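Taking our numbering, the leading residue of the sequence shown gets 1387, the next gets one more, and so forth.
Shown next, in structure tokens, is the structure this report addresses.
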Amino acid sequence: MHIYIADLDTICNQDDLISKLSPAGFARYQSFHREIRAKQFLVSHAIMADIRDKFKHISIAHKDKFVILVASDAPIGVDIEDTSKNRDFDSLAEFMHFDTAKNADEFYRLFTLSEAEYKAHPATNLRKYFYQLGKYMICIVSNDLKTVWENQNLIPEKI
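Shown next, in the form of structure tokens:
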């Protein structure tokens, strides 16, 4: 699996990325009301344009200033969440049927796992990888044993 992580704060030339969009992609880019969503869209589509023909499966996740794409020839899924947000985890865990979640960390593990597995559907028996990138938890699911981090500056800590 290949993992691409982009920090939107480091985008230096947004105009170059915009110029690579198709007319439909450009119209979609312009439709976003929030600048952060427009940047997430722009960066994810720029990376996808470079890797689309190299892999059978691609999954995308974004949160705040981070965009993550994972790519593989095997089914794959990814999710990222900000673990620092103050939430009512007991109510959320009950609503989402995460009966085993005893604290925020366990809740985020179950939540990111469920999102990543949903994106990899219908694959089963996927390996689960959890990472911490500052205040963000990342979950990647795949049966691909080889891992290549494409951005050496943003390799998260494995948890």
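Beta carbons are placed, not taken as given, at the ideal position from N, Cα and C, and that holds for glycine.
None of these values were measured; they are calculated from a predicted model.
Using C-beta distances below 6 Å, list every residue in its chain close to residue 1443, excluding the 5 sequence neighbours before and after it, in chain order. As a first step, residue 1443 is located in the sequence shown; it is residue number 57 there, counting from the start. For residue 1443, the CB contacts under 6 Å within the same chain, skipping 5 residues up- and downstream, are 1458, 1461 and 1462 in chain order.
Q: Evaluate the contact criterion for the segment 1492 to 1504 versus the segment 1462 to 1478: three or more CB pairs, one atom per stretch, below 8 Å.
A: Note that the segment 1492 to 1504 touches the segment 1462 to 1478; at least 3 beta-carbon pairs, one per stretch, sit closer than 8 Å.
Practice item. Taking residue 1523 as part of the beta strand (DSSP E), name the residues at either end of that continuous run. Key: Counting from 1 along the sequence shown, the entry for residue 1523 is found at position 137. Element bounds for residue 1523: 1522 to 1528.
### Residue span of the alpha helix (DSSP H) that contains residue 1481, given as start and end
Your numbering for residue 1481 matches position 95 in the sequence shown. For residue 1481, the enclosing alpha helix (DSSP H) begins and ends at 1475 to 1481.
- Cβ-based burial, residue 1422 [other Cβ within 10 Å; buried from 16]: As a working mapping, residue 1422 is identified with position 36 in the sequence shown. Per the 10 Å Cβ criterion, exposed.
Check: Under 7 Å, do residue 1449 and residue 1433 count as touching if we go by C-beta distance?
Finding: Mapped onto the sequence shown, residue 1449 falls at position 63. Mapped onto the sequence shown, residue 1433 falls at position 47. Taking 7 Å as the cut-off, the beta carbon of residue 1449 is found no closer than this to the beta carbon of residue 1433.
For this session: Find out if the Cβ-Cβ distance for the pair residue 1498, residue 1387 is shorter than 7 Å.
Result: For the purposes of this step, residue 1498 is taken as residue 112 along the sequence shown, with counting starting at 1. For the purposes of this step, residue 1387 is taken as residue 1 along the sequence shown, with counting starting at 1. No; because the gap between Cβ atoms is not below 7 Å, this pair is not in contact.
Worksheet item: From residue 1507 to residue 1405, what does the alpha carbon distance come to, in whole angstroms?
Response: As a working note, residue 1507 is residue 121 in the sequence shown. As a working note, residue 1405 is residue 19 in the sequence shown. Residue 1507 and residue 1405: Cα-Cα distance of roughly 33 Å.
Q.
Can you tell me whether residue 1484 is helix, strand or coil according to DSSP?
A. Your numbering for residue 1484 matches position 98 in the sequence shown. The answer is coil: DSSP assigns residue 1484 none of H, G, I, E or B.
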